[in-house]
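*Asks:*
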Amino acid sequence: MTKTITDVICPFCGTLCDDVEVVVSDDGKQLLEVYNACVIGTEKFLHSQSKDRVTRPRMHQPDGSWKEVSYDEAVEYSAQMLAKAKKPLMFGWSSTNCEAQSVGNEIAEITRACCDNTAATCHGTSLIAIQDIGLPSCTLGEIKNRADRVIFWGCNPAHAHPRHMSRYSIFPRGFFTSKGQMSRKMIVVDPRVTDTAKMADVHLQVEQGKDYELLDALRVAFKGEWLPDVVAGIPKEKIREVADMMKSGRFGIIFFGMGVTQSLGKNHNIDEAIAVTKDLNEYTKFSIMPMRGHYNVTGSGEVFGWQFGFPYSVDLTRGFARYNPGDTSTIDLLIRGEIDAMFTIGSDPGAHFPISAVKQFAHIPSVCVDPHLTPTTGVSKLHVPVAFNGVEVGGNCYRMDNVPIDCRKVVEPPEGMLTDEQFLIKVRDRVRQLKGVA
Amino acid sequence: MATINVNLISGRSIQQGVAIEGGKEKPAYRTAAGIIELDPSDFKKLGAWKNTNVRVTSDYGSVVVKAIETTQGPHPGLGFIPMGPWANAIINPDTYSTGMPTFKGVPVKVDVAMNEPILLGIELVQKLCGVK
Amino acid sequence: MSEYIIKNGNVFDPVQGIKGDKADVAIKDGKIVDKVGSGAKVIDAKGKTVMAGAVEIHAHIAGPKINMGRIYRPEDKLFTCTPTKGIERMGGGASIPTTFKTGYEYAKMGYTTAMEAAMPPLFSRHVHEEIRDTPIIDEGAYPVFGNNWFVLEYLKNQEIENTAAYCAWLLRVTKGYAIKLVNPGGTEAWAWGLNCLSVNDPVPYFDITPAEIIKGLIEANEYLGLPHSMHIHPNNLGNPGCYETTLDTLKLAEGYKAKNKFGREQVMHLTHSQFHSYGGTNWGDFESKAKEITDYVNKNKNITIDTGNVTLDETTTMTADGPFEHHLTGLNNLKWANIDVEVETGSGVVPYIYSPSISVCAIQWAIGLEIALMMKDPMRCYITTDHPNAGPFTRYPRVIKWLMSAKAREAQINAFKHKDKVLSQSSIGTLDREISLYELAQMTRAGPAKSLGLSGMCGGLKPGMDADVAVYNFNPDKPVANPEEIEKAFSRCAHVFKSGVEVITNGEIVSNGNKRTLWVNAKVKDNPQVMRDINEKFLKYYSMTQANYEALGHHFVPNPYALEVDATQV
Amino acid sequence: METVTITMKNLPALYLEADNISPDAFAGKTAAQIGDLHVYEGNETWTLGKYFEVSGNAGATAADTKIIVKGDIKKVKYLGFKMSAGELVVEGSTDQYAGGWMTGGKMLVKGNVDAFAGTAMKGGELTIEGNAGNYLGAAYRGDWRGMKGGKILVKGNAGADIGMYMLGGEMVINGNVDVHVCTHAEGGKVIIKGNAKTKIGGQMVGGDIFVFGTIDVMMPGFKPAGELELEVDGIKAKFAHYIGDTGERHKKKKGQIVYGNLYKKI
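Residue numbers (this note's numbering), protein chains in the order written: chain A, 33 to 470; chain B, 3 to 134; chain C, 12 to 581; chain D, 122 to 387.
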């Protein structure tokens with residue numbers, strides 16, 4: 033006898049699909065089948081069941097071997113490391129729930145740490161741009177119900193957010209979009225002919241790293257001003273045609289991704305894209321939205337926001353919150369050698385940071401809290417495996433459009449395993465003792 | 003066999019997405035992300051068959067990956083390595099004081115390295131960091 | 012719980028009609044009591060002012076647009092962040108403080124209850140997470156209804172019972188407190204880049220007018236008999252000449268009478284009326300219509316208002332009135348955030364600088380004060396800054412100074428660059444009224460508590476009420492030599508008790524209190540049609556499932572306090 | 122004018138935040154009192170004397186105080202933070218925020234500076250004999266009020282994002298600059314004696330940029346507006362004039378639209 037759990041939230045990407053169905057054994061210990069999720073989400077649920085999973089903390093030995101330790105020993109090492117460090121960095125938070133993030137922030141406050149989330153290497157530059165000129169945006173349901181112009185700029189949902197187009201942006205039939213994809217014009221801007229680009233009505237194959245110029249050219253075209261013959265590899269006639277196509281819509285949306293946030297221009301690419309959106313609101317209704325990667329990177333930004341006032345790259349070392357990417361941002365802190373202890377949770381910097389940054393934390397005291405084996409656990413002194421968020425423990429998360437959704441627990445974690453929040457609470461209480469605070 | 007210069011970008015692919023959830027210690031991760039996608043025209047310039055091991059070198063490092071023909075082309079002169087340790091061994095870490103490394107738009111050199119092994123993800127990072 | 016007795020203070024309590032007489036206030040088990048045992052801790056309030064904890068009826072302090080403001084304004088925190096201090100968490104932010112600073116600042120000024128003025132239902136989990144992380148003060152949140160598709164469709168056919176059933180359902184699943192309207196119809200129009208600037212502009216597609224929405228929601232509110240009345244931010248906010256739209260809106264309440272068990276008498280609360288009392292045809296001949304608005308409200312007893320005083324600061328405007336924020340960014344060209352919310356509402360955020368050297372800002376300052384000074388009944392006019400729209404709530408002591416001292420007003424008027432324009436476009440210069448401490452207690456305690464249907468619980472010092480008490484270093488028997496003394500005294504309390512717990516001593520946080528989340532649990536007859544409509548909308552038009560929308564567990568609202576309403580017999 | 126010389130004696134393990142090393146903080150203090158001022162290494166607070174040898178007393182006011190900083194101060198941040206008067210001479214290279222938020226006085230760095238030098242500067246003179254990093258004379262994150270006044274001279278090269286949101290004042294770069302010059306600028310003057318890369322003047326609504334060397338790629342928003350003879354920083358030359366960023370929204374003065382100006386030597 034098995035039971036089916038409905039309305040399950042998929043803890044992979046910022047699309048945060050909440051219509052997944054999971055079949056579990058009736059003792060609730062085994063996850064058997066997954067429906068409605070994309071191939072990545074399905075893998076995420078099923079891999080949580082793998083037999084070779086590490087279920088107890090492990091200390092890295094000098095000879096490269098691992099020694100199993102108890103959670104209490106892991107708590108002690110983590111607390112001592114954080115309490116002793118001059119400038120500890122608590123990084124990650126994007127694959128854990130907001131409850132755990134809150135406890136983490138308390139620890140950071142007590143130990144006067146730097147804290148940052150994975151926006152550092154995905155949409156950090158978007159946040160800088162938003163701070164410069166704002167963000168006219170909307171929820172994903174608005175796009176489903178109204179959008180007749182959909183632009184994907186430097187993002188490839190076919191690969192990175194597999195169900196995005198079917199749930200929200202291209203195919204769904206909404207209140208004012210009863211013809212579904214027929215009622216929408218799809219524009220893709222990408223230097224490659226991506227699988228997303230292949231579906232588009234218009235594909236602008238921009239020269240890599242020239243998005244800023246192309247976006248500026250669009251704004252010039254809106255105003256009917258002079259343009260050079262070719263901008264970023266696109267002839268001016270084409271630019272004017274696309275500009276008119278955007279203006280002529282009733283409700284438009286620009287989705288953007290790593291293609292613009294990580295290329296030359298960085299925050300200014302987003303800045304200009306937001307300016308394009310702002311301009312278009314003089315003629316019609318337009319919105320813009322970052323395609324957030326980790327399923328709860330947005331939530332981490334929100335929690336940092338209401339507790340410290342800044343969305344990421346927060347430096348608490350002076351006892352109060354400070355923020356300035358370039359100074360307080362993880363990559364710069366690491367590469368500049370400003371950090372003397374690294375606590376990683378809900379992220380894999382080992383795989384996704386430039387190697388010069390990874391080398392820095394590979395040689396200082398380090399803890400990695402992660403259910404998986406990763407390059408980060410591979411170079412950390414202590415690996416603390418925990419229950420899978422969104423599978424073995426619930427908790428609140430924020431979708432890419434900032435909509436909060438409470439994740440569901442579908443199966444029990446292996447006997448005796450702690451969740452992120454439970455482990456962090458133990459560390460927090462020990463750190464309080466070590467620092468002698470109430 | 004020649005050396006070619008391409009502009010490197012890194013990013014998500016669905017195979018890489020599946021592989022990281024399937025386990026980064028597994029060979030499947032290397033198969034998904036230990037690759038560089040090149041345009042057919044660049045294969046000609048390189049004078050190599052599809053699916054040969056190549057060494058990709060930038061100002062910031064060097065790594066061996068498998069060269070495969072792009073499925074999201076044509077993009078002559080552009081190379082794509084999925085996000086992961088292989089790409090990050092050679093991308094430009096300069097953040098221009100924005101906190102964001104330059105993951106996309108790194109000039110790299112590609113040579114055939116037929117007999118050089120492609121390391122597993124965790125191995126690669128441990129080796130580059132000098133950690134056992 | 013420990014016992015306290017606050018001795019020999021000058022007590023001001025409109026609930027009991029105490030006007031500054033020396034009296035003792037006894038506290039036991041979280042309540043005000045007649046007397047306590049000899050073991051009670053004695054607080055000497057000799058030469059001090061004692062009032063109930065203040066009640067904030069309208070502020071934007073928790074939720075998506077506030078956090079957008081925090082996130083996109085690092086410059087609002089530059090060099091202003093405060094360190095951890097004992098049990099006090101670190102804080103930051105001038106116009107949009109972090110949640111911790113928000114709770115502490117309210118408490119330090121003697122506030123113990125505050126209402127978040129606009130909760131987008133889809134974001135209720137976010138709002139409640141921030142409320143949970145705001146220490147000390149009791150909080151509730153008003154979900155917005157004025158642009159909600161269910162409401163528009165039901166009211167198009169005057170289906171009051173269905174509207175009421177839907178409102179009850181939404182209040183329950185979002186743990187909301189009251190029915191809030193923001194630019195009714197206008198924000199839905201904004202989804203197409205349009206607006207509704209009068210109560211008769213039809214809403215695109217839905218073919219209904221703001222007037223019909225407003226009347227319908229007053230009726231639904233009274234059908235249910237909710238603690239608070241329909242709470243409205245009318246159409247056409249902030250434009251020269253908007254006072255006419257405001258009067259048209261107020262007239263819609265005519266003939267309606269409050270039906271509820273909470274002692275509430277009004278059927279409409281007009282919020283931040285300063286922004287709705289503008290005359291003139293452009294920013295050049297911009298003038299005050301505070302007299303026209305207050306004359307009407309003085310005559311019509313079924314309406315309450317709050318002021319929305321401009322404090323002349325750099326601040327961050329934020330409202331569910333999406334089209335207004337777009338209009339504003341066009342005026343000052345500063346960064347603009349917009350959040351349209353599917354099926355329900357929208358909102359916008361733009362920084363704004365109320366500069367004393369700009370005549371319009373100075374006139375706005377005058378209008379806010381005129382309204383408070385022209386309202387005859389302080390029980391129906393409450394002090395707000397529509398935080399953070401007209402200024403941060405941390406400026407209340409300054410607003411109180413201006414209201415209590417004509418001398419302070421005169422000093423400010425003389426400091427304006429365009430003094431003559433202020434005097435010619437408003438009548439602030441002719442008003443010599445000075446608000447008394449008793450009237451202040453009405454405008455910040457008894458009044459808002461009554462309007463919210465909380466008069467039995469807070470806003471007064473009657474035995475049996477919650478022991479929310481504020482003690483100010485202000486001696487009513489001594490003449491005020493310098494108005495600055497008023498601002499200083501009301502900035503930091505000598506003592507504050509929240510539900511019987513001492514949370515402030517000499518202006519410092521001594522406890523994080525026992526904060527509660529106030530919400531309204533309204534029961535109606537089973538209504539299968541409305542439940543079917545809800546299921547259908549979630550299947551077709553929402554981007555999340557109904558089951559996940561309704562999930563709002565204990566971890567969001569750890570300490571709830573429900574006001575029970577039974578409309579099953581209607 | 123009194124001179125205080127401070128010399129690094131104990132290097133910090135990480136980085137040092139020394140926002141107290143400015144004529145304003147030193148004013149009216151003896152060498153001993155200066156040694157007691159706070160500096161911060163990570164989350165630890167120490168005295169300036171722990172790291173620096175202090176000799177000489179400060180003047181009564183910032184205006185008559187001169188500070189000379191010696192030794193290896195590559196890992197010291199916030200030198201000259203918010204300084205309003207007096208002199209600060211840095212004999213070597215220093216880290217981020219050199220002269221940040223300064224409003225007056227003279228600051229001279231004989232080596233290089235890292236990012237955020239002269240952030241939101243209001244007045245005074247900041248001279249850098251080596252190279253400057255990114256965000257030189259730029260606004261703080263999120264703020265639309267950048268450099269308002271004063272003068273910055275860089276004898277070497279400068280990094281990316283110089284003069285972002287610039288409102289006034291003058292910046293002279295003798296060498297080359299990286300991408301993004303004067304983004305969102307509304308005023309002020311930037312003179313680049315060397316070469317500029319791409320994305321120069323993006324979203325500019327006012328102010329002047331002069332480039333004596335090359336520009337890799339012009340922004341599409343800058344349209345040609347003829348040629349003219351000009352004397353810039355004492356040098357007479359012929360310039361091609363471009364106005365922009367035409368994509369951006371522009372203010373009007375007396376009915377005339379105000380644009381940013383980009384002058385390129387030909």
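We treat Cβ as the ideally placed atom computed from N, Cα and C, and that holds for glycine. Nothing here was measured: the structure is a model prediction, and the numbers come from that model.
Between C:C504, C:C469, C:R420, C:N559, which lies nearest to N493 (chain C) when the distance is taken from Cα to Cα?
*Replies:* Nearest C-alpha to N493 (chain C): C:R420.
*Asks:* Using C-beta distances below 6 angstroms, list every residue in its chain close to G271 (chain D), excluding the 5 sequence neighbours before and after it, in chain order.
*Replies:* Closer than 6 angstroms at the Cβ level, and outside the excluded window around G271 (chain D), lie M242, G244, G245, G290.
*Asks:* For S438 (chain C), report the span of its alpha helix (DSSP H) as first-last.
*Replies:* From DSSP, S438 (chain C) is part of no alpha helix (DSSP H); its letter is neither H nor E.
*Asks:* Do the region 392-411 of chain C and the region 305-321 of chain C make contact, defined as three or more Cβ pairs closer than 8 angstroms?
*Replies:* The region 392-411 of chain C vs the region 305-321 of chain C: in contact.
*Asks:* Can you pull the chain C neighbours of A151 (chain A), defined as C-beta to C-beta under 9 angstroms?
*Replies:* The premise fails here: A151 (chain A) is roughly 11 angstroms from chain C at the closest Cβ pair, so nothing lies under 9 angstroms.
*Asks:* Quick one: complete beta strand (DSSP E) runs, 3+ long, within the region 243-306 of chain A?
*Replies:* Listed in chain order, they are 283-288.
*Asks:* Excluding the five sequence neighbours on either side, which residues of its own chain have a C-beta within less than 8 angstroms of the C-beta of L258 (chain C), listed in chain order?
*Replies:* Around L258 (chain C): E303, I304, Y307.
*Asks:* Compile a chain-ordered list of the residues in the region 23-35 of chain B whose CB is closer than 8 angstroms to at least one CB of chain A.
*Replies:* Going along the region 23-35 of chain B in chain order, one finds E23, G24, G25, K26, E27 with a Cβ nearer than 8 angstroms to chain A.
*Asks:* In whole angstroms, give me the CA-to-CA distance for P251 (chain C) and K270 (chain A).
*Replies:* Approximately 43 angstroms, taken between the alpha carbons.
*Asks:* Give a yes or no on whether the minimum CB-CB distance between C207 (chain C) and chain A is below 7 angstroms.
*Replies:* Taking Cβ atoms only, chain A never reaches closer than 7 angstroms to C207 (chain C), which makes this a no.
*Asks:* Less than 7 angstroms between the C-beta atoms of P322 (chain A) and T100 (chain B), yes or no?
*Replies:* No; because the gap between Cβ atoms is not below 7 angstroms, this pair is not in contact.
*Asks:* Check the Cβ-Cβ distances between G263 (chain D) and every residue of chain C, and say whether any is below 7 angstroms.
*Replies:* For G263 (chain D), the answer is yes, since a Cβ of chain C falls inside 7 angstroms of its Cβ.
*Asks:* By how many angstroms is the C-alpha of G58 (chain C) removed from the C-alpha of G427 (chain A)?
*Replies:* Rounded to the nearest angstrom, the two C-alpha atoms are 51 angstroms apart.
*Asks:* Given this structure, state the Cα-to-Cα distance separating R85 (chain A) from A264 (chain A), to the nearest angstrom.
*Replies:* Rounded to the nearest angstrom, the two C-alpha atoms are 48 angstroms apart.
*Asks:* Let me check one thing: in DSSP terms, what residues is V155 (chain C) bridge-paired to?
*Replies:* Looking at the DSSP assignment, V155 (chain C) forms a beta bridge with C:K191.
*Asks:* Buried or exposed for D461 (chain A), please, with buried defined as at least 16 other CB atoms from any protein chain shown within 10 angstroms of its CB.
*Replies:* D461 (chain A) should be labelled exposed.
*Asks:* Could you please give the first and the last residue of the uninterrupted alpha helix (DSSP H) stretch that includes I124 (chain B)?
*Replies:* Counting along the chain, the alpha helix (DSSP H) containing I124 (chain B) begins and ends at 123-131.
*Asks:* Residues of chain A with CB closer than 9 angstroms to the CB of N255 (chain D), please, in chain order.
*Replies:* Simply G358.
*Asks:* Tell me, to the nearest whole angstrom, how far the beta carbon of I520 (chain C) is from that of E99 (chain C); I am working on the premise that it is less than 8 angstroms.
*Replies:* Going by Cβ atoms, the distance from I520 (chain C) to E99 (chain C) rounds to 5 angstroms, so yes, they are a contact pair.
*Asks:* When we look at the beta-carbon of W258 (chain A) and count the other beta-carbons within 10 Å, is it buried (16 or more) or exposed?
*Replies:* The residue in question, W258 (chain A), is exposed, as its Cβ has fewer than 16 Cβ neighbours within 10 Å.
*Asks:* At which residues does the alpha helix (DSSP H) containing A301 (chain C) begin and terminate?
*Replies:* Counting along the chain, the alpha helix (DSSP H) containing A301 (chain C) begins and ends at 301-310.
*Asks:* Check whether the region 278-289 of chain A and the region 171-188 of chain A touch, using three or more Cβ-Cβ pairs below 8 angstroms as the test.
*Replies:* The region 278-289 of chain A, when compared against the region 171-188 of chain A, does touch it at the 8 angstroms Cβ threshold.
*Asks:* Given 8 angstroms as the limit, is there contact between the region 334-352 of chain A and the region 107-114 of chain A, that is, 3 or more CB pairs closer than that?
*Replies:* Result no; under three Cβ-Cβ pairs closer than 8 angstroms.
*Asks:* Does Y98 (chain B) get closer than 7 angstroms to chain D when you measure Cβ to Cβ?
*Replies:* With 7 angstroms as the cut-off, Y98 (chain B) counts as an interface residue toward chain D.
*Asks:* For M339 (chain D), does the three-state DSSP call read helix, strand or coil?
*Replies:* Coil at M339 (chain D), not helix or strand.
*Asks:* Just to confirm, are P87 (chain B) and P407 (chain A) a CB contact at a threshold of 7 angstroms?
*Replies:* Yes, the pair counts as a contact, with Cβ atoms nearer than the cut-off.
*Asks:* For the alpha helix (DSSP H) containing E122 (chain C), list its first residue and its last residue.
*Replies:* Looking at the sequence shown, residue 122 (chain C) is not Glu but Tyr. Y122 (chain C) -> not in any alpha helix (DSSP H); beta strand (DSSP E) instead, spanning 122-130.
*Asks:* Any Cβ of chain B within less than 7 angstroms of the Cβ of A281 (chain D)?
*Replies:* Closer than 7 angstroms to some Cβ of chain B, the Cβ of A281 (chain D) qualifies, so yes.
*Asks:* Mind listing, in chain order, the continuous beta strand (DSSP E) runs of no fewer than 3 residues lying wholly within the region 202-284 of chain C?
*Replies:* The qualifying runs are 241-244, 279-281.
*Asks:* Give every residue of the same chain whose Cβ lies closer than 6 angstroms to the Cβ of F331 (chain D), excluding the five residues on either side of it in the sequence, and list them in chain order.
*Replies:* Excluding sequence neighbours, F331 (chain D) sits near I312, V353, Y384.
*Asks:* Within 10 angstroms of its Cβ, does A4 (chain B) collect 16 or more other Cβ (buried), or is it exposed?
*Replies:* Exposed, because fewer than 16 other Cβ atoms sit within 10 Å of the Cβ of A4 (chain B).
*Asks:* Where are the alpha helix (DSSP H) runs, 4 residues long or more, that stay fully inside the region 369-402 of chain C, in chain order?
*Replies:* Counting only runs of 4 or more, we get 370-385.
*Asks:* Pick helix, strand or coil for I497 (chain A), following the three-state DSSP scheme.
*Replies:* No answer is possible for residue 497 (chain A): it lies beyond the span of chain A, which begins at 33 and ends at 470.
*Asks:* So what's I378 (chain D) in DSSP terms, helix, strand or just coil?
*Replies:* Correct three-state label for I378 (chain D): strand.
*Asks:* Is there a Cβ of chain B sitting closer than 7 angstroms to that of A236 (chain D), yes or no?
*Replies:* At least one chain B Cβ lies under 7 angstroms of A236 (chain D).
*Asks:* Measure the CB-CB distance between I142 (chain C) and T528 (chain C) and report whether it falls below 7 angstroms.
*Replies:* Closer than 7 angstroms, so yes.
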